[in-house]
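Undergrad: My structure is below; once you've seen it, I'll send some questions.
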Amino acid sequence: MKAHPWMPNSSPETVKRMLEKLGIKDPLELFNDIPEQIILDEQAVYPLGKPLAEWEVKELVESKLHKNKIYPPNRIFRPPCPHITPALVRHIMGRSEFYTAYTPYQPEISQGLLQAFFEYQSMVADLFDMDVVNASHYDGATALAESILMSFRVKKKYRVIMDEYIDPSYRAVVETYLYGIGGKATYVRNLEEERLKEELENGDVAAVVVDNPTFTGRLRENLESLVDITHNHDALVVSLVDPLSLGIIKPPGEYGSDIAVGEGRSLGLGLNYGGYGLGIIAAKWDSKLVRQMPGRIIGLGEDLDGNPAYLMILQTREQHIRRERATSNITTNEALTTIGAAVFMALLGRNGFIELGESILKKTAYLRMLLSKLDSADVPGEGYYFGRTPVHFHKSYMTVEKELLEKGFLPGLDLSRYWADMKDKALFCVSEVHSKKSIEELVERLEEVA
Amino acid sequence: MEWRQAVWREQLIYEYSSKGKTGILITDDLKEMDTDLPETVKRKSKLELPEVSEVEVARHYTRLSQMSYGVDLGPVPLGSCTMKYNPKINEDLASSERVTMLHPLQPMEDVQGILEIMYDLQQMLAYITGMDACSLSIPAGASGELAGALMIKKYHRETGGENRDEMIIPDSAHGTNPASARMAGFKVITIPSNNNGTVDLDALKSVVGDRTAGIMLTNPNTLGLFERDILEIANIIHSAGGKLYYDGANLNGILGIARPGDMGFDIVHINLHKTFSTPHGGGGPGGGAVCAKGEMTDYLPRPIVRKDEKGYYMDFTCSKCIGRLHSFYGNIPVDVKAYAYIKSLGGEGLRKVAITSTLNTNYFIKLIEKSGGYSIPYDPRAPRKHEVVISAEPLKEKYGITADDVAKYLLDNGFYAPTIYFPLIVKEALMIEFTESETLENIEEYARILEEIEEIAKENPSLIKESPRNTAVRRIKAAEANKPKNIIPTYRVLRRKKLGVKGYEKL
Numbered sequence: 108m109k110a111h112p113w114m115p116n117s118s119p120e121t122v123k124r125m126l127e128k129l130g131i132k133d134p135l136e137l138f139n140d141i142p143e144q145i146i147l148d149e150q151a152v153y154p155l156g157k158p159l160a161e162w163e164v165k166e167l168v169e170s171k172l173h174k175n176k177i178y179p180p181n182r183i184f185r186p187p188c189p190h191i192t193p194a195l196v197r198h199i200m201g202r203s204e205f206y207t208a209y210t211p212y213q214p215e216i217s218q219g220l221l222q223a224f225f226e227y228q229s230m231v232a233d234l235f236d237m238d239v240v241n242a243s244h245y246d247g248a249t250a251l252a253e254s255i256l257m258s259f260r261v262k263k264k265y266r267v268i269m270d271e272y273i274d275p276s277y278r279a280v281v282e283t284y285l286y287g288i289g290g291k292a293t294y295v296r297n298l299e300e301e302r303l304k305e306e307l308e309n310g311d312v313a314a315v316v317v318d319n320p321t322f323t324g325r326l327r328e329n330l331e332s333l334v335d336i337t338h339n340h341d342a343l344v345v346s347l348v349d350p351l352s353l354g355i356i357k358p359p360g361e362y363g364s365d366i367a368v369g370e371g372r373s374l375g376l377g378l379n380y381g382g383y384g385l386g387i388i389a390a391k392w393d394s395k396l397v398r399q400m401p402g403r404i405i406g407l408g409e410d411l412d413g414n415p416a417y418l419m420i421l422q423t424r425e426q427h428i429r430r431e432r433a434t435s436n437i438t439t440n441e442a443l444t445t446i447g448a449a450v451f452m453a454l455l456g457r458n459g460f461i462e463l464g465e466s467i468l469k470k471t472a473y474l475r476m477l478l479s480k481l482d483s484a485d486v487p488g489e490g491y492y493f494g495r496t497p498v499h500f501h502k503s504y505m506t507v508e509k510e511l512l513e514k515g516f517l518p519g520l521d522l523s524r525y526w527a528d529m530k531d532k533a534l535f536c537v538s539e540v541h542s543k544k545s546i547e548e549l550v551e552r553l554e555e556v557a
Numbered sequence: 005m006e007w008r009q010a011v012w013r014e015q016l017i018y019e020y021s022s023k024g025k026t027g028i029l030i031t032d033d034l035k036e037m038d039t040d041l042p043e044t045v046k047r048k049s050k051l052e053l054p055e056v057s058e059v060e061v062a063r064h065y066t067r068l069s070q071m072s073y074g075v076d077l078g079p080v081p082l083g084s085c086t087m088k089y090n091p092k093i094n095e096d097l098a099s100s101e102r103v104t105m106l107h108p109l110q111p112m113e114d115v116q117g118i119l120e121i122m123y124d125l126q127q128m129l130a131y132i133t134g135m136d137a138c139s140l141s142i143p144a145g146a147s148g149e150l151a152g153a154l155m156i157k158k159y160h161r162e163t164g165g166e167n168r169d170e171m172i173i174p175d176s177a178h179g180t181n182p183a184s185a186r187m188a189g190f191k192v193i194t195i196p197s198n199n200n201g202t203v204d205l206d207a208l209k210s211v212v213g214d215r216t217a218g219i220m221l222t223n224p225n226t227l228g229l230f231e232r233d234i235l236e237i238a239n240i241i242h243s244a245g246g247k248l249y250y251d252g253a254n255l256n257g258i259l260g261i262a263r264p265g266d267m268g269f270d271i272v273h274i275n276l277h278k279t280f281s282t283p284h285g286g287g288g289p290g291g292g293a294v295c296a297k298g299e300m301t302d303y304l305p306r307p308i309v310r311k312d313e314k315g316y317y318m319d320f321t322c323s324k325c326i327g328r329l330h331s332f333y334g335n336i337p338v339d340v341k342a343y344a345y346i347k348s349l350g351g352e353g354l355r356k357v358a359i360t361s362t363l364n365t366n367y368f369i370k371l372i373e374k375s376g377g378y379s380i381p382y383d384p385r386a387p388r389k390h391e392v393v394i395s396a397e398p399l400k401e402k403y404g405i406t407a408d409d410v411a412k413y414l415l416d417n418g419f420y421a422p423t424i425y426f427p428l429i430v431k432e433a434l435m436i437e438f439t440e441s442e443t444l445e446n447i448e449e450y451a452r453i454l455e456e457i458e459e460i461a462k463e464n465p466s467l468i469k470e471s472p473r474n475t476a477v478r479r480i481k482a483a484e485a486n487k488p489k490n491i492i493p494t495y496r497v498l499r500r501k502k503l504g505v506k507g508y509e510k511l
């Protein structure tokens, strides 16, 4: 390899010119300060293979990707559910002025990025009925973990209470973060009010996490009561919500949440084998909370001429200034996905969020209704469900799952993987991408096998 | 070159709203189902989102993109950020439906392709860093740092070192190091740099002891200098029972030349969005790997992709591991891009990256080393690697021109500014990293503009002070925007302030 297309100065001619200016013969002289015993020789890199041309890399990667099986979205009934991914979201995220940019540390030349981030924060704030939203976290689970740490700092207490049936991957991530600072989590089944009060009596709890809908899709009907109980014990409410539900479902601000978090993957970003995630963190207008928020926050200000201008604000919370006293170590976040989410929220708008929410609500009810007619399964739970439902099979769910997979469906998640007392229970999801017909086909297949 | 950024004076998306418009068509095939919800569940407050058409959304965000500046427009020589070219083939490959449509909880048999890519990437990254194993289950660099710090904590807990609660960090370190150490519950012990800008061995020796958990170090450091005493540093830490953690942000300048594993490091984190060309996306999503050697591999975050006779699989088993740092497996499309990048370059190409980026740095130094406006603090004769830190202090002393002013004048010339005021040990710091992607012409032009600043400053410093003029807005009044009464983080707060809603007067 002489010159490489991604390294303009790598041609022998340019290298020669640069070396002459530097007064050295070999660029390796610039590495003379590295101890000799750890310098690699040229052969050491051979196991990494030879350089490949663009078409060779394309062939290589595509040949591997070809081994991945893809299910059509309306055959996927396993959470996290697929959702619509408008083409415009992808196209705007594909603008290289956006995606090849760095964090807008120089705001004057980065107004477009900053305004898009500000609009993301603003639309999430309106959706959540909260005032302040940060410029993103890695995913819903890390957003929850950092919100809990935030509540610890605000309350100077180091215990959190969560539903025993909270999303198990969130639980795992929260516990990793708690291990770091030595915090504790207590789990209360279904956030049962009397048990919750008992746990709070001690006075050492900083926050209660209220997930709505629950991991299994149930909409809580006692939100205000949970908030009252929590606040009466000098603890904060951290709500964990599904952003797509909030056009029709009570938003965190309406029932007095102090902090609200969510996973924004469903805002037009696609599945991507689980990443990109988009961690949403919101707080109400309270200086104590906002000053302990992790991550970047974009604000509106003015330039010297008095024109509106956007910039990163409240940066003294952040690691590059505050170091070990920062509110978090986060630097790189999920910036580009917030632009995608902003496009998505703008496209949907006020009416789209309501229509989409209603669509998911109806589809969930329809799926539950059809399932409840099956002889071979029960649909546990009363009340209202959004986007997910548990199903209790009367035979081995492993068998059901296997047969459904063979028929080209990705069926519900086997809950016994996470909870021993959930044998033959599965969690099915449904969304706007599932047509009435595809829901009926799923239930027909279940009838055949179960 | 005359440069002028687009100035769209674009209003907020909310201000395009007009009742009844929509940007998306949603059909309903379940008209017979009702949508009644009880008051206990239902949203009551009006949803204050805009109502706009797809056309308007497309124009609005395209216009905003024209007021953004990235590597595809020109040099972005932000030190420690490694803003290299993002190859387009990588973007194409990662946007394949066989990546974007993959469900994270599909059976392993369905996802052998992506698992193979992840497995190979783990192996290649381990080889490149001289480690034994890697986990990709972290979403960004700082997450990898937290992983590393937690691994060290857990290791000591497992091996009877509960009292080891001190993490040593040089004063030149990235801010994320002390912040991550704190999040892992460590007390941060800051050690000063010596006159050569590297770790002061005497200072190090004076702080190590039976409370030492480890050290977090980047090498080359943030001054672009290779820590030439690294083997002795490793010896000091290991002898005291501590572990060495390598901050991979500065790996670009030594790719294929030297490996952290050979230097004595036990844990490494890698930023795929720096060293391995995946885009920064205006701040993210990034991607990472955390890698470890020997006994430390047991502590890596889960899952890790492994291979047996049946094929590839995600291994969640965890006896000593620190657990999970992402709800799934990190930012997968980033992994695909990094994989394609390493395969494109091969070993020879990666080595060329280190050589070319280092050559670029030192060529630039040669162009400005005699300048009167700037100095090169710490061992000016020593070759720099991926980046160099110069100081604008002479300019400040002579003409009152600060690092910030220099940055803004560079913007006016159509170039992005360096990282400024970092590392903290250099006054009026300009931290410059061209990477291997920059052209000779742009490096020369950059140096010329820096010299020009001094020339202009001699005659008329206000000309520099008034920069930028050619960007979408002029200099922003940051201190004003941060005053409690002026904080506007969302449109909702702006609306409430305008309406005079009680409680929103200040934050």
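Residue numbers (this note's numbering), protein chains in the order written: chain X, 108 to 557; chain A, 5 to 511.
We put the beta carbon where it would ideally sit given N, CA and C, even for glycine.
1. Hey, could you find the ends of the alpha helix (DSSP H) Asp-528 of chain X is sitting in?
2. Interface residues of chain A around Pro-214 of chain X at Cβ under 7 Å?
3. Could you say which of X:Tyr-178, X:Ile-388, X:Gly-377 lies nearest to Asp-365 of chain X if we only look at CA atoms?
4. Taking a Cβ distance cut-off of 8 Å, strictly less, list which residues of the stretch 82 to 104 of chain A are near chain X, in chain order.
5. Taking its Cβ as the centre, do 16 or more other Cβ atoms sit within 10 Å of Met-200 of chain X, making it buried, or is it exposed?
6. When the Cα of Gly-286 of chain A is compared with those of X:Tyr-212, X:Gln-144, X:Ala-151, which residue comes out closest?
7. Okay, do the stretch 247 to 258 of chain A and the stretch 219 to 238 of chain A touch, 3+ Cβ pairs below 8 Å being the bar?
8. So what's Glu-391 of chain A in DSSP terms, helix, strand or just coil?
9. Any beta carbon from chain A within less than 8 Å of Gly-456 of chain X's own beta carbon?
10. Which of helix, strand or coil does DSSP assign to His-338 of chain X?
11. What first and last residue would you give for the alpha helix (DSSP H) that runs through Leu-371 of chain A?
12. Listed from N- to C-terminal order along the chain, which residues in the stretch 137 to 167 of chain A have their beta-carbon within a distance smaller than 8 Å of any beta-carbon of chain X?
13. When DSSP labels each residue in this structure, what does Ile-145 of chain X get in the three-state scheme?
14. Output yes if chain A places a C-beta closer than 8 Å to the C-beta of Val-297 of chain X; else output no.
15. Starting from the C-beta of Cys-536 of chain X, find all residues in its chain whose C-beta is less than 7 Å away, skip the five residues before and the five after it, and write them out in chain order.
16. Any C-beta of chain X sitting closer than 8 Å to the C-beta of Gly-377 of chain A?
17. Under a three-way DSSP split, which group does Ala-242 of chain X fall into?
18. Quick one: using the 10 Å Cβ neighbour count with 16 as the cut-off for buried, is Lys-489 of chain A buried or exposed?
19. Against Met-435 of chain A, what residues of chain X qualify as contacts under a CB-to-CB distance less than 8 Å, listed in chain order?
20. For Ala-292 of chain X, name the three-state secondary structure that DSSP assigns.
21. Please report the straight-line C-alpha distance between Arg-325 of chain X and Pro-497 of chain X, rounded to a whole angstrom.
22. Smallest Cα separation from Lys-48 of chain A: which of X:Ile-356, X:Gly-369, X:Val-122?
23. Could you check whether the Cβ of Leu-481 of chain X sits closer than 8 Å to any Cβ belonging to chain A?
24. By Cβ distance, which residues of its chain are closer than 6 Å to His-340 of chain X, with the 5 residues on each side in sequence left out?
25. Taking the CB atoms as reference points, tell me whether Leu-97 of chain A and Val-168 of chain X lie closer together than 8 Å.
26. Verify the CB distance criterion: does Leu-234 of chain X have a CB-CB separation below 8 Å to chain A?
27. Take the Cβ of Met-269 of chain X as the centre, count every other Cβ of all protein chains shown within 10 Å, and call the residue buried at 16 or more, exposed below.
28. Cα-Cα, which of A:Pro-387, A:Ala-244, A:Gln-15, A:Arg-161 is closest to Ile-131 of chain X?
29. What residues in the stretch 327 to 349 of chain X have a beta carbon less than 9 Å from any beta carbon of chain A?
30. Using the beta-carbon of each residue, which ones in chain A are nearer than 8 Å to Tyr-294 of chain X?
31. Along the chain, where does the beta strand (DSSP E) that runs through Tyr-316 of chain A open and close?
32. Taking CB distances under 8 Å as the criterion, tell me whether Leu-155 of chain X reaches chain A.
33. Please look up how many angstroms separate the CB atoms of Ile-336 of chain A and Val-164 of chain X, rounded, as I've assumed it's under 8 Å.
34. Tell me the residue span of the alpha helix (DSSP H) that contains Tyr-20 of chain A.
35. Taking 8 Å as the cut-off, decide whether the C-beta atoms of Ala-449 of chain X and Ala-223 of chain X are in contact.
36. Taking the alpha carbon of Asp-33 of chain A as the point to measure from, which residue in X:Gly-290, X:Tyr-284, X:His-541, X:Asp-412 has its own alpha carbon closest?
TA: From the atom records:
1. That residue, Asp-528 of chain X, is in no alpha helix (DSSP H); it is neither H nor E in DSSP.
2. For a Cβ distance threshold of 7 Å, residue set Ile-480 of chain A lies close to Pro-214 of chain X, ordered along the chain.
3. Considering only alpha carbons, the answer is X:Ile-388.
4. For the stretch 82 to 104 of chain A, the beta-carbon criterion of a distance under 8 Å to any beta-carbon of chain X is satisfied by Leu-82, Cys-85, Met-87, Lys-88, Tyr-89, Asn-90, Pro-91, Ile-93, Glu-95, Asp-96, Leu-97, Ser-99, Ser-100, Glu-101, Arg-102, Val-103, Thr-104.
5. A residue is called buried once 16 or more other Cβ atoms fall within 10 Å of its Cβ, and Met-200 of chain X is buried on that count.
6. Ranking the options by Cα distance to Gly-286 of chain A, first place goes to X:Tyr-212.
7. By the Cβ rule, the stretch 247 to 258 of chain A counts as touching the stretch 219 to 238 of chain A, because three or more pairs are nearer than 8 Å.
8. When secondary structure is reduced to three states using DSSP, Glu-391 of chain A falls in the coil class, being assigned neither helix nor strand.
9. Taking Cβ atoms only, chain A reaches closer than 8 Å to Gly-456 of chain X, which makes this a yes.
10. If DSSP states are grouped into helix, strand and coil, His-338 of chain X belongs with the helices.
11. Annotation: the continuous alpha helix (DSSP H) that includes Leu-371 of chain A extends over 336 to 372.
12. Within the stretch 137 to 167 of chain A, the residues whose Cβ lies closer than 8 Å to some Cβ of chain X are Pro-143, Ala-144, Gly-145, Ala-146, Ser-147, Glu-149, Leu-150, Ala-153, Leu-154, Lys-157, Lys-158, listed in chain order.
13. Ile-145 of chain X: helix per DSSP, three-state reduction.
14. Residue identity check: residue 297 of chain X is Asn in the sequence provided, not Val. With 8 Å as the cut-off, Asn-297 of chain X does not count as an interface residue toward chain A.
15. For Cys-536 of chain X, where only same-chain residues beyond five positions count, the Cβ hits under 7 Å are Phe-184, Arg-185, Pro-186, Cys-188, Gly-494, Arg-495.
16. It does not: the Cβ of Gly-377 of chain A has no partner Cβ on chain X nearer than 8 Å.
17. Coil at Ala-242 of chain X, not helix or strand.
18. Result: exposed.
19. Those do not exist, as Met-435 of chain A stays about 11 Å from chain X at its closest Cβ, beyond 8 Å.
20. In the structure shown, Ala-292 of chain X sits in a strand (DSSP, three-state: E or B).
21. Those two C-alpha atoms are separated by around 9 Å.
22. The shortest Cα separation from Lys-48 of chain A among X:Ile-356, X:Gly-369, X:Val-122 belongs to X:Ile-356.
23. With 8 Å as the cut-off, Leu-481 of chain X does not count as an interface residue toward chain A.
24. The residues are Leu-307.
25. Taking 8 Å as the Cβ cut-off, Leu-97 of chain A and Val-168 of chain X qualify as a contacting pair.
26. At a cut-off of 8 Å between beta-carbon atoms, Leu-234 of chain X makes contact with chain A.
27. So Met-269 of chain X counts as buried.
28. Answer by Cα proximity: A:Pro-387.
29. Taking 9 Å as the Cβ-Cβ cut-off, the stretch 327 to 349 of chain X approaches chain A at Arg-327, Glu-328, Asn-329, Leu-330, Glu-331, given in chain order.
30. Near Tyr-294 of chain X there are no residues of chain A at all, since even the closest Cβ is about 16 Å away, more than 8 Å.
31. Unbroken beta strand (DSSP E) run through Tyr-316 of chain A: 315 to 319.
32. Chain A has a Cβ within less than 8 Å of the Cβ of Leu-155 of chain X.
33. Beta-carbon to beta-carbon, Ile-336 of chain A and Val-164 of chain X are separated by about 18 Å, too far to satisfy the 8 Å threshold.
34. Element bounds for Tyr-20 of chain A: n/a, residue is neither H nor E.
35. By the CB criterion at 8 Å, Ala-449 of chain X and Ala-223 of chain X fall inside the cutoff.
36. Per the Cα distances, X:His-541.
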